[in-house]
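One structure is given here, and the rest of the page talks about it.
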Amino acid sequence: MSKRVFIKTFGCQMNVYDSNRILDTIKKIGFTETKSIELSNCFILNTCHIRDKAKEKVYHEIGRVKQNFEGKVKPIVIVAGCVAQAENSEMLKREPYIDFVIGPQSYHKLNYTIENFEKNKIRNEITDFDSISKFDYLSKIKNQDSNVSSFITIQEGCDKFCHFCVVPYTRGPEYSRPFYQILNEAKQLIQSGTKEIILLGQNVNAYSSVENKKEYRLSDLIMALENIKELKRIRYITSHPRDMSDDLIDCYKNSKKLMPFIHLPIQSGSNKILNLMNRKHKVEDYIDVYERLKKINNKIEFSSDFIVGYPGETEKDFKETLKLVKNLKFLNSYSFIFSPRPGTTASNYDQIDKKILKERLKVLQEILFNNQKIKNKSFENNQVNVLVENKMKNQDKFFGRNEYMTSVIFNGNESLVGKIIPVKINNSNQNSLFGEILTNDVEAA
Ligand code: SAM
Ligand code: SF4
Ligand code: F3S
Numbered sequence: 001m002s003k004r005v006f007i008k009t010f011g012c013q014m015n016v017y018d019s020n021r022i023l024d025t026i027k028k029i030g031f032t033e034t035k036s037i038e039l040s041n042c043f044i045l046n047t048c049h050i051r052d053k054a055k056e057k058v059y060h061e062i063g064r065v066k067q068n069f070e071g072k073v074k075p076i077v078i079v080a081g082c083v084a085q086a087e088n089s090e091m092l093k094r095e096p097y098i099d100f101v102i103g104p105q106s107y108h109k110l111n112y113t114i115e116n117f118e119k120n121k122i123r124n125e126i127t128d129f130d131s132i133s134k135f136d137y138l139s140k141i142k143n144q145d146s147n148v149s150s151f152i153t154i155q156e157g158c159d160k161f162c163h164f165c166v167v168p169y170t171r172g173p174e175y176s177r178p179f180y181q182i183l184n185e186a187k188q189l190i191q192s193g194t195k196e197i198i199l200l201g202q203n204v205n206a207y208s209s210v211e212n213k214k215e216y217r218l219s220d221l222i223m224a225l226e227n228i229k230e231l232k233r234i235r236y237i238t239s240h241p242r243d244m245s246d247d248l249i250d251c252y253k254n255s256k257k258l259m260p261f262i263h264l265p266i267q268s269g270s271n272k273i274l275n276l277m278n279r280k281h282k283v284e285d286y287i288d289v290y291e292r293l294k295k296i297n298n299k300i301e302f303s304s305d306f307i308v309g310y311p312g313e314t315e316k317d318f319k320e321t322l323k324l325v326k327n328l329k330f331l332n333s334y335s336f337i338f339s340p341r342p343g344t345t346a347s348n349y350d351q352i353d354k355k356i357l358k359e360r361l362k363v364l365q366e367i368l369f370n371n372q373k374i375k376n377k378s379f380e381n382n383q384v385n386v387l388v389e390n391k392m393k394n395q396d397k398f399f400g401r402n403e404y405m406t407s408v409i410f411n412g413n414e415s416l417v418g419k420i421i422p423v424k425i426n427n428s429n430q431n432s433l434f435g436e437i438l439t440n441d442v443e444a445a
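Just so you know, the sequence shown maps onto residues 1 to 445 in my numbering.
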């Protein structure tokens, strides 16, 4: 019988990258991907632990798989990702339908574990932190992603321990992949048609790999990618304000392919709250980085993350966050109500009333979304350079992104996929720009 896997992914871009690599890996033992769960005989749920009720969501998903297979042969059911790491053997105890649980640093053991399960039917949990073996193993398996825009994880894990965050516990200690391993993977992707590479890390700008006594940093990776002719755009995510070093800031002078858009989470506009969060930077440090980058290139735009209602946040602290977003006018941002995550320091603090949290989120989002709409409106009647990614499903329109990662939807044709073309923007909303092509085949940038 043919082996077919269905992978469902939640969470951040790193999980999207991981799911692609999981697929590349299990193809080696004969699996092919199916987009239809009913046709699968292996179901992998790649989970995220950052939000409230993450664990319950997993059991709910498994319940749905059970329903799908009622009265039929059960698929192998695997829970991967950050909930798997955090909950490990608890999941096997609570839900007998789960066959094994595998954490993000153990994917090099996936094939062995599947084959072992096929033979011996032994349920298991694999949650070691073993990044070196994982990336050594994965680097020997071709990255088969052939999208116009592709991710590469260059750094994983975190040593910063912000008091609200589970990532240091689910992804383990900070680890940077070897420089040449990353460049080789980039070259594979570019050969398969990738035109934009997005370098990923929980603290991507803390990337540091020492090889033959030389230290390679994110700036070195950017400048090495810059020299690959077929590659058109470079991005990185997510950066930490404390690691925005001078060499990285200089890349905005020296690289033509590095896009002028930086996701730089601040979390709060109050120094008191940043201190309680253990962020180890002040609002002034953030503004200093922001201004230094704007000085180098005033076309650079920023997006950020905010946590509303962190324990101890008073009206005064919250107003400081509002003041910050009114001043810095982020192009877009993500804002979340504080969610106590099991095992983190802040989960032991007194929580703020839910009604106040919801009200604060609404007020903050109104300003953030309004900024976003105004910024997008400013593109109307102007030309933007779009890297064309694909034809849209069930529509006669094409999809791409401008320099600022904003979605652009326009008329087009297949020959434009993978090219950068000028699009005139006629309309916009909070999340997207709508336009028409000015010329059919011009490479604008
Ligand atoms: N490494 C990044 C940084 O330092 O900014 C952030 C990574 S985290 C996966 C993404 C975002 O989720 C954070 O920036 C934060 O805003 C949000 N987040 C993390 N833990 C949270 C929690 N317990 N409650 C609410 N939001 C949270
Ligand atoms: Fe989490 Fe980012 Fe803080 Fe690390 S730096 S603990 S990933 S929020
Ligand atoms: Fe979620 Fe893990 Fe990413 S908790 S946000 S999938 S690092």
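The beta carbon of each residue, even a glycine, is placed where N, CA and C say it ideally should be.
- Message: I'd like to confirm the pairing. Which residues does DSSP put opposite Asp305 in its beta bridges?
- Response: Bridge partners of Asp305: Tyr334.
- CA-to-CA distance, Ile152 to Ile182, given in whole angstroms: Ile182 and Ile152: Cα-Cα distance of roughly 8 Å.
- Is Lys160 near ligand 2, in the sense that its beta carbon is under 7 Å from a heavy atom of that ligand? Lys160: yes, Cβ under 7 Å from ligand 2.
- Task: Classify Tyr112 as helix, strand or coil using the three-state DSSP reduction.
- Result: Note: Tyr112 maps to helix in three-state DSSP.
- Message: Tell me the DSSP secondary structure of Cys82 in three-state form.
- Response: Cys82 falls in the helix class under three-state DSSP.
- Item | Touch test, the stretch 392-400 against the stretch 355-372, Cβ-Cβ under 8 Å, three pairs minimum | No, the stretch 392-400 is not in contact with the stretch 355-372.
- Message: Let me check understanding here. Comparing Cα to Cα, which of Ile50, Lys55, Ile7 and Asp52 lies closest to Thr32?
- Response: The option with the nearest alpha carbon to Thr32 is Ile7.
- Using beta-carbon positions only, say whether Ile237 and Glu226 come within less than 8 Å of one another. The beta carbons of Ile237 and Glu226 sit no closer together than 8 Å.
- Under 8 Å, do Cys165 and Thr406 count as touching if we go by C-beta distance? The Cβ-Cβ distance between Cys165 and Thr406 does not fall below 8 Å.
- Message: Just to confirm my understanding: we take Leu231, look at its own chain, exclude 5 residues before and 5 after, and list those with CB closer than 7 Å. What are they?
- Response: In the same chain as Leu231, and ignoring 5 residues on each side of it, the C-beta atoms closer than 7 Å to its own belong to Ile190, Lys195, Ile197, Leu225 and Lys257, in chain order.
- Message: Please state whether the Cβ-Cβ distance between Phe338 and Gly309 is less than 8 Å.
- Response: The answer is yes: Cβ separation under 8 Å.
- Message: Report the CB separation of Glu154 from Arg177 in whole angstroms; it is logged as a contact under 8 Å.
- Response: Note that residue 154 corresponds to Ile in the displayed sequence, not to Glu. Sure, about 6 Å apart at Cβ, within 8 Å.
- Message: Below 8 Å, how does it come out for the stretch 312-322 and the stretch 269-277: are there three or more Cβ pairs, yes or no?
- Response: With the cut-off at 8 Å, the stretch 312-322 and the stretch 269-277 touch.
- Given a threshold of 16 other Cβ atoms within 10 Å of its Cβ, counted over all protein chains shown, does Asp353 qualify as buried or as exposed? Around the beta carbon of Asp353, a 10 Å sphere encloses fewer than 16 other beta carbons of the protein chains shown; the residue is thus reported as exposed.
- Task: Would you grab the beta carbon distance between Val384 and Leu433 for me? Rounded to a whole angstrom, and I think it's under 8 Å.
- Result: Their Cβ separation, rounded to whole angstroms, is 7 Å, which keeps Val384 and Leu433 in contact under 8 Å.
- Query: Within the chosen definition, does the stretch 141-152 reach the stretch 112-125 through at least 3 CB pairs nearer than 8 Å?
  - Reply: No, they do not touch.
- Message: Please tell me whether, using a cut-off of 7 Å, the distance from the CB of Met14 to the nearest non-hydrogen atom of ligand 3 is below it.
- Response: Yes; taking the cut-off as 7 Å, the Cβ of Met14 has a heavy atom of ligand 3 nearer than that.
- Query: For Val388 versus Phe379, is the C-beta spacing smaller than 8 Å?
  - Reply: Not closer than 8 Å, so no.
- Query: Gln202: beta carbon under 7 Å from a heavy atom of ligand 3?
  - Reply: Taking 7 Å as the cut-off, one finds at least one heavy atom of ligand 3 near enough to the beta carbon of Gln202.
- Query: Residues in its own chain within less than 7 Å of Asp24 by CB, not counting five upstream and five downstream?
  - Reply: For Asp24, where only same-chain residues beyond five positions count, the Cβ hits under 7 Å are Ile141, Lys142, Asn143 and Gln144.
- Item | Close Cβ partners of Pro265 (< 6 Å) along its chain, the five nearest in sequence each way excluded | Within the same chain, Ser304 and Asp305 come within 6 Å of Pro265 by CB-CB distance, once the 5 residues on both sides are set aside.
- Query: Where do the ends of the alpha helix (DSSP H) carrying Phe179 lie?
  - Reply: Segment Phe179 to Gln191, the alpha helix (DSSP H) holding Phe179.
- With Gly103 and Asn46 assumed to form a contact (beta carbons below 8 Å), what rounded beta-carbon distance in angstroms separates them? Not really, about 11 Å apart at Cβ, beyond 8 Å.
- Query: Whole-angstrom Cβ separation of Leu218 and Tyr207, contact assumed at under 8 Å?
  - Reply: Distance from Leu218 to Tyr207 at the Cβ level is roughly 4 Å; contact confirmed, criterion being Cβ atoms closer than 8 Å.
- With a cut-off of 8 Å on the beta carbons, I'd call Leu293 and Ile287 a contact; round off their distance for me. 11 Å between Cβ atoms; not a contact.
- Message: Rounded to whole angstroms, what is the Cα-Cα separation between Phe69 and Asn147?
- Response: Roughly 32 Å separates the two Cα atoms.
- State the Cα-Cα distance for the pair Asn327 and Asn429, rounded to the nearest angstrom. For Asn327 and Asn429, the distance between alpha carbons rounds to 22 Å.
- Query: Using DSSP with H/G/I as helix, E/B as strand and the rest coil, what is Asn271?
  - Reply: Three-state DSSP puts Asn271 in a helix.
- Task: Locate the beta strand (DSSP E) running through Gln383, then write down its first and last residues.
- Result: Going by DSSP, Gln383 is part of the beta strand (DSSP E) stretching over Gln383 to Lys391.
- Item | Of the residues Met91, Phe43, Lys55 and Lys53, the one placed nearest Ile76, counting alpha carbons only | For Ile76, the nearest C-alpha among the options comes from Phe43.
- Query: Based on the DSSP secondary-structure assignment, which residues constitute the bridge partners of Leu200?
  - Reply: Answer is Thr153 and Ile237.
- Gly30: CB within 7 Å of a non-hydrogen atom of ligand 3: Within 7 Å of the C-beta of Gly30 there is not a single heavy atom belonging to ligand 3.
- Task: Consider the C-beta atom of His240 and the heavy atoms of ligand 3; say whether any pair is separated by less than 7 Å.
- Result: The answer is no for His240.
- Message: If distances are taken between C-alpha atoms only, which option among Leu221, Val363, Lys358 and Lys355 comes closest to Leu322?
- Response: Among Leu221, Val363, Lys358 and Lys355, the Cα nearest to that of Leu322 is on Val363.
- Message: Only counting the same chain, and skipping five residues up and downstream in sequence, which positions put a Cβ closer than 7 Å to that of Ala445?
- Response: Confidence is the limiting factor: at Ala445 the pLDDT is only 43, short of 50, which leaves the residue's position unreliable, though a coordinate-based value still follows. Scanning its chain for C-beta atoms nearer than 7 Å, with the 5 sequence neighbours on each side dropped, one finds around Ala445 the residues Asn385 and Ile420, in chain order.
- Query: Where DSSP assigns a beta bridge to Val5, which residues make up the other side?
  - Reply: DSSP lists Glu33 and Cys42 as partners of Val5.
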